[in-house]
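Here the structure comes first, spelled out in C-alpha cells, and everything after it is commentary.
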Amino acid sequence: MGEKIGMIGLGKMGLALARQMGNDGHELFGYDIDPERMKLFEVEGGTPVASAKILAEKCDITCSILLRPEHIEENTTGPNGINQAGNEGLIHIEMSTMLPAFQIDLAEKLSGHGIELLDAPISGSHNKVDARTITFMVGGKVDIFERVRPILEPLAKATTHTGDIGSGSAMKVVTNLYVNSVTALMAEMVVLGERAGLSHATMEECLGAGSVRGEMWEVMRPRFFNRDFAPRGAVEIFAKDMGIAIDLAKENGLDLQVVPAARKMFQRAEAAGWAKDDASRVLEVYEGKD
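The opening residue of the sequence shown carries number 1 in the numbering used here; numbering runs sequentially from there.
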C-alpha cells in the first residue's frame, strides 16, 4: 500500500522524484512557488497544494529539494512551513545539498514540533532519477531511516545510511567536490587536446582505453565534443556546491586548493549568463568565450 508523500520543490529533480514515487504507487502532493511547475506536477498525476503547511497536514512523509537555505527555512520553519501543520510524528526528508551544520540545526528546530528529519541528499541528475540510478546518502536516526527505506530504495541504485544527522550532507559535499572539480578538469583537458591538434576520435579512443576511462568521462565526453549544453546539472548549482565544499573544509581546518580554482571558472560561466546551462559549458570559459 502506498504512502501519502509531499514534495516541496518541483524543479527538475523534485518533479522527477515525484514522478517515480507516483509510479511506485504512492499518492503525491506538491508545492512550488512557480505556478508552471505546479501545473506540470498536476499533469504528472500529483495534487498541488498552496503551501508547505497544507502539504504536511495531508501527509505522513514530506520531502524537500531546494537550491538555497532560505528556501528550505521558509518551507520548514516559516509561517507557512511544515512546522505549522501540527502533525507530530511527521518525517521530513531533506534532499538538498547543504552544509551539515545547517541540517543539524534544522533537525533541532523541527524536533520541537514533533517532526523527525533525515538529511538525504542525492548524487545524480534528473535523468538519473528517471533511470533510477541515483544514490541516496542518508543521515539520521536508524529507525526513521528504516521507516522510509522502502520508499527510497526502489528509486536508486544505492541507499546508504551514513550515520547521524549531517553525515549525509557531509558525504554529498565530498562527492560533489570530486564531480564538480573533475568536470572543470575534463573541460581543460578537451580544450588543450583540441588546440594541440588531436581529433575527437583519437581522444575518445585513447582516453576511453586508459586511466581516464570511467562513468564521468562517458557522460561528459559527448557534451564537450558536441558542445551540447542543454541543462542536466546547471552551472549555478556547481558553483553553489563548490562554495559549500570550501566552507566545510574551512570549518574542518582544511585549505582547499583545487576546488577554489575550478569554482572560479564556473563563476565566470555564471557571469557570462550561462547559469542555467549544463555545467559542461565551463569549457567555453576555457576557450575564452565568456
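Ideal placement from N, C-alpha and C gives every residue a C-beta, glycine not left out. This one's a predicted model, so the numbers in the text were calculated from it and none came from an experiment.
Query raised in the report: Hey, quick one: how far does the alpha helix (DSSP H) through Ser280 stretch, first residue to last?
Result: Segment: none, Ser280 is in no alpha helix (DSSP H) and carries neither H nor E.
Report task. Determine which residues share a DSSP beta bridge with Gly9 and list them. Result -> Note: Gly9 sits in no beta bridge, so no partner.
Query raised in the report: Can you give the beta carbon distance from Asp278 to Gly233, rounded, assuming they're within the 8 Å contact cut?
Result: Their Cβ separation, rounded to whole angstroms, is 7 Å, which keeps Asp278 and Gly233 in contact under 8 Å.
Query raised in the report: Between which two residues does the beta strand (DSSP E) carrying Ala158 extend?
Result: 156-163 is the extent of the beta strand (DSSP E) around Ala158.
Query raised in the report: Between the C-alpha atoms of Ile93 and Lys53, what's the straight-line distance to the nearest angstrom?
Result: The alpha-carbon atoms of Ile93 and Lys53 are separated by roughly 15 Å.
Requested in this report: Count the other C-beta atoms from every protein chain shown that fall within 10 angstroms of the C-beta of Gln103, then say buried if there are 16 or more, exposed otherwise.
Outcome: Gln103 should be labelled buried.
Query raised in the report: Counting only beta-carbon atoms, is Ala101 nearer than 8 Å to chain D?
Result: Looking at the structure shown, chain D is missing, and only one protein chain is on hand.
Requested in this report: Check Ala170 in the structure and name its three-state DSSP category.
Outcome: Here Ala170 sits in helix by DSSP.
Report task. Using the Cα positions of Ala271 and Val138, report the straight-line distance between them to the nearest angstrom. Result -> Straight-line Cα distance between these residues: approximately 34 Å.
Query - Proximity below 8 Å, CB of Glu74 to CB of Gly81 - result: Cβ distance < 8 Å, so Glu74 and Gly81 count as in contact.
Query - Pick from Glu42, Tyr286, Asp60 that is closest to Ile144, judged by C-alpha positions - result: Among Glu42, Tyr286, Asp60, the Cα nearest to that of Ile144 belongs to Asp60.
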